Amino acid sequence: MKSVRVRFAPSPTGYLHVGGLRTALYNYLFARKNNGKFVLRIEDTDRSRYVEGAVENLISALKWCGLDFDEGPQVGGNFGPYLQSQRLDMYQKYIQELIIRGDAYYCFCTQERLEELKKEQQKQKLPQAKYDKHCLLLSKSQIENNIANKIPFVVRLNVRPNQKIIFDDIIRSHVEFDSNNVDDQVLIKSDGYPTYHFANVVDDHLMEISHVIRGEEWLSSTPKHVLLYDSFGWDRPIFAHLPLLLNPDRSKLSKRQGDVAVEDYRTKGFLKEALVNFVALLGWNAGDDKEFYLMNELIENFSLERVNKSGAIFDIEKLNWLNAEHLRKKTNNEILTMLKKSIQQSEFTNQNYSDEFLLSIIGAMKERVSFIKEFITNCQYFYTAPMEYEQKSIEKNWSSETPNHLRKIRDAFINLSNPAKEDFELELTNVATELNIGKGKLIHPLRLSISGISTGPGVFDIVSILGKEEVVKRIDTALEKIK
RNA sequence: GGCGCGUUCGUCUAGUGGUCUAGGACGCCGCCCUCUCAAGGCGGAGAUCACGGGUUCGACCCCCGUACGCGCUACCA
16 MKSVRVRFAP SPTGYLHVGG LRTALYNYLF ARKNNGKFVL RIEDTDRSRY
66 VEGAVENLIS ALKWCGLDFD EGPQVGGNFG PYLQSQRLDM YQKYIQELII
116 RGDAYYCFCT QERLEELKKE QQKQKLPQAK YDKHCLLLSK SQIENNIANK
166 IPFVVRLNVR PNQKIIFDDI IRSHVEFDSN NVDDQVLIKS DGYPTYHFAN
216 VVDDHLMEIS HVIRGEEWLS STPKHVLLYD SFGWDRPIFA HLPLLLNPDR
266 SKLSKRQGDV AVEDYRTKGF LKEALVNFVA LLGWNAGDDK EFYLMNELIE
316 NFSLERVNKS GAIFDIEKLN WLNAEHLRKK TNNEILTMLK KSIQQSEFTN
366 QNYSDEFLLS IIGAMKERVS FIKEFITNCQ YFYTAPMEYE QKSIEKNWSS
416 ETPNHLRKIR DAFINLSNPA KEDFELELTN VATELNIGKG KLIHPLRLSI
466 SGISTGPGVF DIVSILGKEE VVKRIDTALE KIK
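The first sequence begins at 16 in this note's numbering and counts up by one.
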């Protein structure tokens with residue numbers, strides 16, 4: 016069997032789209048699973064759409080996601096260059112072959128004539144607007160003359176009528192087109208650059224790509240590519256056209272309806288593990304109930320045969336859940352590193368917290384957060400004393416007796432030397448017994464006093480993390496502030 | 001309009017002719033645990049398997065048609 020070589024071939028229009036990420040990921044998984052090569056090729060044949068820095072962005076987004084490629088820009092390889100704009104001479108060479116063979120031809124039609132043609136065809140209600148092969152009739156000398164006179168031209172694919180174009184697709188199985196419905200696609204543009212359709216075929220062949228795994232939007236133009244392979248006498252790669260990623264309204268996933276760039280999710284605080292896991296499951300599953308995957312598990316289990324046919328809506332709720340799942344699977348030390356980074360970007364950037372302190376927060380909050388930043392936002396009281404107290408909790412838990420109760424707790428705490436969590440709890444239990452009231456009557460006001468809110472880890476966890484001095488101080492403050 | 005592809009709970013999906021009175025997950029609701037909030041456990045609501053015809057003893061699964069959705073229809077990818 017031919018060795019597996021796949022490619023991700025984005026055009027450098029700015030950023031890595033999550034749909035692009037999924038295409039890249041499936042290519043990557045397929046390559047790794049089959050001990051093949053994953054190559055990155057940049058499809059920059061449209062000079063008008065080129066965005067400065069886009070290639071670098073693409074590569075860094077790919078890398079962030081953990082998709083390292085074996086060949087491509089920056090890393091090189093034996094099949095380069097990997098930027099199509101640097102392969103122009105190769106396209107020239109191959110287009111000549113096609114022209115000589117009559118499978119492609121020069122076309123000197125002006126934009127105006129083309130537009131008129133289209134208008135006319137629409138007026139006649141022709142089933143489809145196609146180029147009319149007008150320039151196919153040009154004689155050799157006319158062509159030479161035009162070229163000599165520097166009349167702009169394109170080169171078109173010469174599609175022969177009344178042919179069935181049939182190809183197989185791993186995901187869609189058998190697909191059939193009638194050549195009468197295939198337009199004489201422009202292969203070389205008037206600026207000398209190839210179109211996607213031509214460059215893609217030449218490059219995939221030259222780069223010995225074994226499997227073309229790409230989005231469904233390419234399915235309709237695959238007959239053109241097949242015609243090209245056949246004309247050159249090249250082996251066709253195995254095709255696999257992936258279902259599209261959709262907006263909540265089922266249209267093709269786009270900006271406007273939320274974030275589409277991998278970078279957006281990164282800055283929002285999503286873990287790369289969660290994004291990759293989530294995107295992998297959009298259109299693929301192993302056939303069992305497993306939903307939590309690490310990259311190596313995806314590689315182990317992935318197969319193109321189990322990719323779905325229908326488009327999938329990008330549902331952020333499930334991504335959130337997966338993010339929490341992945342976060343909980345991380346070690347506290349891994350989280351510590353991320354938390355420190357997050358603190359640097361927060362209002363507490365100037366504070367100096369010990370690793371030990373932060374680690375104890377992580378231990379207390381790990382089950383209660385979905386995002387790293389929530390280790391700060393969901394429990395600000397660990398970083399700064401409460402400025403205000405949740406009104407609802409005051410109404411519910413604060414009575415005229417409460418100040419006296421709290422004073423007793425404070426006095427009990429203050430005498431403790433080097434107390435552990437259990438010591439605080441014991442003292443509070445004693446006070447409750449002495450007062451002949453339930454512990455809850457003490458716990459809730461205590462929680463409110465030291466945290467300002469009514470939710471969070473066990474109150475004794477908070478107390479021991481904050482420490483005796485700080486807790487006593489906060490109780491005093493609360494006694495003053497809460498009337 | 002033409003061509004192509006698709007259609008199972010709100011969403012992601014399992015399902016390859018009898019095991020489906022359709023399973024799981026997210027989300028939602030309830031209960032348990034409990035000092036709160038989570039996490040966890042248990043349970044619930046939620047899909048006439050787009051619709052209509054076939055084929056078959058039997059169809060979510062096979063065939064045909066219809067509807068709807070999406071994609072392509074560029075000298076963009």
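Just so it is clear, CB atoms sit at the ideal spot from N, CA and C, and this is done for glycine as well.
Only a predicted model underlies this, so the values are computations on that prediction, with no experimental measurement involved.
- In the DSSP annotation of this structure, the continuous segment of the alpha helix (DSSP H) that includes residue 214 starts and ends at 211–221.
- Taking the CA atoms as reference points, residue 110 sits about 34 Å from residue 138.
- Around the C-beta of residue 307, fewer than 16 other C-beta atoms lie within 10 Å, and the residue is accordingly described as exposed.
- By the C-beta density criterion, residue 402 is exposed, having fewer than 16 other C-beta atoms within 10 angstroms.
- Per DSSP, residue 407 lies in no beta strand (DSSP E) segment; the continuous alpha helix (DSSP H) that holds it begins and ends at 406–412.
- When rounded, the separation of the alpha-carbon atoms in residue 267 and residue 277 is 16 Å.
- Between residue 80 and residue 291, the C-beta gap is smaller than 7 Å, which places the two residues in contact.
- The continuous stretches of alpha helix (DSSP H) do not include residue 184, which lies in the beta strand (DSSP E) extending over residues 179–184.
- Within the same chain, and ignoring the five residues on either side of residue 383 in sequence, no residue has its Cβ closer than 6 Å to its Cβ.
- DSSP places residue 394 outside both helix and strand once states are collapsed to three, so it counts as coil.
- Straight through space, the alpha carbons of residue 45 and residue 317 are spaced by roughly 7 Å.
- Separation of the CB atoms of residue 463 and residue 412 is rounded to 6 Å, and the pair is thereby assigned contact status at 8 Å.
- Straight across, the Cα-Cα distance linking residue 477 with residue 397 is about 8 Å.
- In the DSSP assignment, residue 169 falls within the beta strand (DSSP E) that extends over 169–172.
- Where residue 23 is concerned, there is no enclosing alpha helix (DSSP H), although the beta strand (DSSP E) around it starts and stops at 20–23.
- Take the alpha-carbon of residue 467 and the one of residue 68: they are about 47 Å apart.
- Under the DSSP assignment, residue 191 falls in the beta strand (DSSP E) whose first and last residues are 188–193.
- If you ignore the 5 residues before and after residue 99, its C-beta comes within less than 6 Å of the C-beta of 58, 59, 60 and 214, all in its own chain and listed in chain order.
- Three or more Cβ pairs closer than 8 Å define a contact, and the region 255–271 meets that threshold against the region 221–234.
- Taking the Cα positions, residue 380 is about 20 Å away from residue 364.
- Less than 7 Å divides the Cβ of residue 474 from the Cβ of residue 461.
- Judged by DSSP in its simplified three-state form, residue 329 adopts coil rather than helix or strand.
- In the DSSP assignment, residue 53 falls within the unbroken beta strand (DSSP E) covering 52–55.
- Assignment of beta-bridge partners to residue 276 by DSSP yields 32.
- Judged by DSSP in its simplified three-state form, residue 150 adopts helix.
- Going by DSSP, residue 229 is part of the beta strand (DSSP E) stretching over 226–230.
- The DSSP-derived three-state label of residue 197 is coil.
- DSSP places residue 267 within a strand segment (E or B) once states are collapsed to three.
- Here DSSP, grouped into helix, strand and coil, assigns residue 322 to strand.
- Between residue 469 and residue 439, the beta carbon gap of about 19 Å keeps them out of contact (Cβ cut-off 8 Å).
- In the three-state reduction of the DSSP assignment, residue 253 falls in the strand class.
- Fewer than three pairs of CB atoms, one per stretch, sit closer than 8 Å, so the region 176–190 makes no contact with the region 143–160.
- The beta-carbon separation of residue 227 and residue 252, rounded to 5 Å, stays under the 8 Å limit for a contact.
- Restricting attention to 172, 269 and 333, the CA atom closest to the CA of residue 246 is found in 172.
- When secondary structure is reduced to three states using DSSP, residue 86 falls in the strand class.
- Distance from the CA atom of residue 194 to the CA atom of residue 236, rounded to whole angstroms, is 11 Å.
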